[in-house]
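What follows is a short report on a single structure.
Numbering (this note's numbering), first residue to last: 1 to 383.
The following block contains the structure:
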């Protein structure tokens, strides 16, 4: 069982929490513009292997009944349970139960509350700036004038990365909250950056790529094509729209002509990589192992053997590999190669993601009660 003090610290990362005594906290939860809840939680029973005691307002019981029975995290409480997961489930249940009570302005207030200075609104039109891993900004406009039907627009530069909003079926059929829609757009943008990096590794640095067959579709999250070595080829079908980077992309890699011994090696490498996958991994490292196993060569050529176009080589302080100096990077100690940049991006942005895509009641959330102000003039072309 995780110690009580550690569980309280975990709570504070996702919810607005106030200490109320030893092993005792108050948690403030926001479900809609009209429904704000205060929970009184006694954590002391946890140290005895029992459920925490949660005191709450009658309105929660009116919505969910007895939470000891209606919440699976409470009804199945055990030594591995954590209070934060109980509150996540409680919040989700309250959100589901109160979605029908959300007005269009509830949606906009929650959206702007979650995204702080990056979001603003005027009437029933909200605007949010999305920021990619390289700090480029894209202005997304959500017109909720015919809510629940939405009109979503954003710049062409963003459309090139995640698809045109009119062609994105999940946007057209969206039935969730506005802040969740923006969260999905952010996920798609982050996904593009990661997949594009992997695609560029193949196209620019691999000697085996058949560039005519290789394709990358940012809207669907697919990389497909062939790697060729003499009379053999590897057929690739990579699906990154399966929960990546939390899980390894769905990978189908077949060798042609058929070679059962080599195909067995490929399948073993993919199976092993799937079991050992972590969010800071990239699939090209797995593909490199496959190429070495079947052809005895590296997937990507050694960059140090390439003649420098200009300037010196930098050595990445994290992985030790050398790369050409970038004109944008004047200080060697600030340099990170793309592999390490994407390998560490989840860790470096974890708190930001939690703040913006996490729970309503966190600091800066909409639960503070103050309505966001009207939006200043924003020019799409300036983003």
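Cβ atoms here follow ideal geometry from the backbone N, Cα and C, with glycine treated the same way.
Quick one: is the Cβ of residue i within less than 7 Å of any heavy atom of the ligand GTP?
i: residue 139; result: The ligand GTP is absent from the structure shown, which contains no ligand whatsoever.
Taking the beta strand (DSSP E) that residue i belongs to, which residues open and close that run?
i: residue 41; result: 36-42
Compute the distance between the beta-carbons of residue i and residue j, then report whether it is under 8 Å.
i: residue 90; j: residue 71; result: yes
i: residue 236; j: residue 227; result: yes
i: residue 284; j: residue 207; result: no
i: residue 130; j: residue 181; result: no
i: residue 25; j: residue 8; result: yes
i: residue 266; j: residue 294; result: yes
i: residue 225; j: residue 214; result: yes
i: residue 110; j: residue 119; result: no
i: residue 4; j: residue 43; result: yes
i: residue 55; j: residue 40; result: yes
i: residue 201; j: residue 264; result: no
i: residue 141; j: residue 121; result: no
i: residue 269; j: residue 290; result: yes
i: residue 74; j: residue 67; result: yes
i: residue 209; j: residue 147; result: no
i: residue 92; j: residue 133; result: no
i: residue 51; j: residue 77; result: yes
i: residue 138; j: residue 157; result: yes
i: residue 194; j: residue 245; result: yes
i: residue 144; j: residue 107; result: yes
Put residue i into one of helix, strand or coil per three-state DSSP.
i: residue 29; result: strand
i: residue 120; result: strand
i: residue 57; result: coil
i: residue 73; result: helix
i: residue 384; result: The requested residue 384 is not part of the displayed model; the chain covers only 1 to 383.
i: residue 164; result: coil
i: residue 185; result: helix
i: residue 150; result: strand
i: residue 350; result: With a pLDDT of 45 at residue 350, under the threshold of 50, the predicted position of this residue should be treated as unreliable, though the coordinate-derived value follows. If DSSP states are grouped into helix, strand and coil, residue 350 belongs with the helices.
i: residue 299; result: coil
i: residue 224; result: strand
i: residue 92; result: helix
i: residue 379; result: Note on residue 379: pLDDT 39, under 50, position unreliable in the model; no value is reported.
i: residue 79; result: coil
i: residue 329; result: Summary for residue 329: the model assigns pLDDT 48, below 50, so the residue's position carries little reliability, and this model does not support an answer.
i: residue 304; result: Low confidence applies here, because residue 304 scores a pLDDT of 40, under 50, leaving its location unreliable and the question unanswered by this model.
i: residue 52; result: coil
i: residue 356; result: With a pLDDT of only 42 at residue 356, under the threshold of 50, the placement of this residue in the model should not be trusted, and no figure is reported.
Could you spell out where the alpha helix (DSSP H) holding residue i opens and where it closes?
i: residue 109; result: 104-115
i: residue 168; result: Run containing residue 168: none; DSSP gives neither H nor E here.
i: residue 12; result: 4-14
Q. Whole beta strand (DSSP E) runs in the stretch 230-293 with 3 or more residues, listed along the chain?
A. 232-239 and 250-256
Q) Given 8 Å as the limit, is there contact between the stretch 157-169 and the stretch 212-221, that is, 3 or more CB pairs closer than that? A) yes
Q) Taking the runs of the beta strand (DSSP E) that are 3 residues or longer, which of them lie wholly in the stretch 188-220? A) 215-217
Q: Evaluate contact between the stretch 156-165 and the stretch 173-180, counting only Cβ atoms and requiring at least three cross-stretch pairs below 8 Å.
A: no
Q. Can at least three beta-carbon pairs, one atom from the stretch 110-127 and one from the stretch 76-86, be found at a separation below 8 Å?
A. no
Q.
Under 8 Å, with one C-beta from each stretch per pair, do the stretch 274-282 and the stretch 253-261 reach the 3-pair mark?
A. no
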